[in-house]
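Working notes, beginning with the structure itself.
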Amino acid sequence: MRKIPSNDELMTTREVGEVLGVAVRTVQLWVESGVLPAWRTAGGHRRIARSAVDRLTRERADMLAPVVHGATAPPTRALRLLVVEDDADLRQLFSMMVEGWRFPVELSTANDGFQGLVRIGQWMPDMVVTDLNMPGMNGFEMVRSLKMAGADYANLQVVAVTALSAGDVADRGGLPEGTVVFQKPVDFSAIEDLARNRQMTLR
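The opening residue of the sequence shown carries number 191 in the working numbering; numbering runs sequentially from there.
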């Protein structure tokens with residue numbers, strides 16, 4: 191359990207949401223993803239230090255500041271990133287985190303595997319981040335369909351995020367070779383690193 195800072199105002203998730211202008215569910219996702227440190231009361235309620243909220247506000251402002259690239263930097267285009275996720279709050283969280291990435295990104299979203307495949311065909315993204323458990327066509331089916339398409343999507347980087355264990359994924363038939371898998375809660379820093387490396391290869 192985290193040690194509660196002394197002399198620091200503690201806030202509820204609702205209060206944090208009101209200060210930052212986001213939904214309570216978004217604050218909960220930030221806590222679960224490690225974006226905001228939190229503590230639990232004896233009654234099981236989350237409490238967040240005001241200093242952590244202020245720090246996040248400053249970090250978001252810094253991340254959104256313009257980035258000046260050196261004259262010798264090789265010309266690269268924006269990364270086309272598609273997020274396939276049925277949870278609307280998680281889609282919003284992805285959008286907010288991607289806004290802070292200090293390299294050019296074009297973001298699109300879909301809420302199930304079928305919509306994801308349609309968007310991929312229309313837009314030809316460079317990277318897809320997908321949930322695996324979704325209603326309708328799930329992430330397993332979508333990723334396998336991309337694999338069956340062969341050379342058309344050979345350069346597409348696919349990242350799966352899931353609450354399933356490695357054993358559960360294997361029991362459901364596994365995923366094609368080359369698919370990167372992260373366990374939930376979402377590790378946004380690791381996804382950002384992958385996206386940055388992919389963007390640097392684009393011309």
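Glycine residues also receive a C-beta, built at the ideal position from the N, C-alpha and C atoms.
- Report, in whole angstroms, the separation of the C-beta atoms of R334 and D279, which I expect to be a contact under 8 Å. Their Cβ separation, rounded to whole angstroms, is 27 Å, which puts R334 and D279 out of contact at 8 Å.
- Message: Considering Cα atoms alone, identify which of R270, G357, K374 is closest to A350.
- Response: Ranked by Cα distance from A350, the first of R270, G357, K374 is K374.
- Could you spell out where the beta strand (DSSP E) holding R292 opens and where it closes? R292 -> no beta strand (DSSP E), and no H or E assigned at all.
- In chain order, which continuous runs of the beta strand (DSSP E) of length 3 or greater are located wholly inside the segment 212-244? For the segment 212-244, whole beta strand (DSSP E) runs of length 3 or above, ordered along the chain, are 236-239.
- Item | R248 burial status per 10 Å Cβ neighbour count (16 or more: buried) | Flag for R248 reads exposed.
- Item | Per-residue DSSP class, three states only, for R192 | The pLDDT assigned to R192 is 49, lower than 50, so where the model puts this residue is not dependable; a value taken from the coordinates is nonetheless given after this. Judged by DSSP in its simplified three-state form, R192 adopts coil rather than helix or strand.
- Item | Identity of the residues DSSP links to D443 by a beta bridge | With the chain running from 191 to 393 in the structure shown, residue 443 is simply not present.
- State the Cα-Cα distance for the pair V257 and L322, rounded to the nearest angstrom. Because V257 carries a pLDDT of 47, less than 50, the predicted location of this residue cannot be relied on, and no value is offered for it.
- Using CA coordinates, which residue listed in V318, M332, V212 is at the minimum distance from L324? Checking the displayed sequence, the identity of residue 324 turns out to be Met instead of Leu. With distances taken between Cα atoms, M324 lies closest to M332.
- Identify every residue that forms a DSSP beta bridge with V273. According to DSSP, V273 bridges with T299, V319.
- Item | Inter-residue spacing [alpha-carbon to alpha-carbon] between V274 and Q282 | Distance between the alpha carbons of V274 and Q282: 12 Å.
- Message: Within 10 Å of its beta-carbon, does A356 have 16 or more other beta-carbons around it, so buried, or fewer, so exposed?
- Response: Exposed, by the Cβ-count rule.
- Query: Below 8 Å between beta carbons: does that hold for L297 and V318?
  - Reply: Cβ distance not < 8 Å, so L297 and V318 don't count as in contact.
- Query: Is there contact here, the segment 287-295 with the segment 377-392, by at least three beta-carbon pairs under 8 Å?
  - Reply: Yes, they touch.
- Message: Classify A360: buried if its beta carbon has 16 or more other beta carbons within 10 angstroms, exposed otherwise.
- Response: Exposed, because fewer than 16 other Cβ atoms sit within 10 Å of the Cβ of A360.
- Message: Tell me which residues share the same chain as V243 and place their Cβ nearer than 8 Å to its Cβ, disregarding the 5 neighbours each side in the sequence.
- Response: A distance below 8 Å between beta-carbons, with the five flanking residues on each side excluded, links V243 to the following residues of its chain, in chain order: M201, V206, V209, L210, L226.
- Task: Look at the Cβ atom of I310, then the Cβ atom of L271, and state whether they are nearer than 8 Å.
- Result: Cβ atoms of I310 and L271: not closer than 8 Å.
- Item | Selection from V217, F284, F330 that minimises the alpha carbon distance to L354 | Comparing alpha carbon positions, the residue from V217, F284, F330 closest to L354 is F330.
- Message: Beta-carbon within less than 8 Å of R237's beta-carbon, same chain only, minus the 5 sequence neighbours each way: which residues are those?
- Response: Cβ neighbours of R237 beyond the five flanking positions: I194, L200, M201, T202, A228, W229, R230, T231.
- Counted within 10 angstroms of its Cβ, other Cβ atoms place V221 as buried (16 or more) or exposed: Around the Cβ of V221, a 10 Å sphere holds 16 or more other Cβ atoms; the residue is buried.
- Query: Within 10 angstroms of its Cβ, does V308 collect 16 or more other Cβ (buried), or is it exposed?
  - Reply: With fewer than 16 other Cβ atoms from the protein chains shown falling within 10 Å of its own Cβ, V308 counts as exposed.
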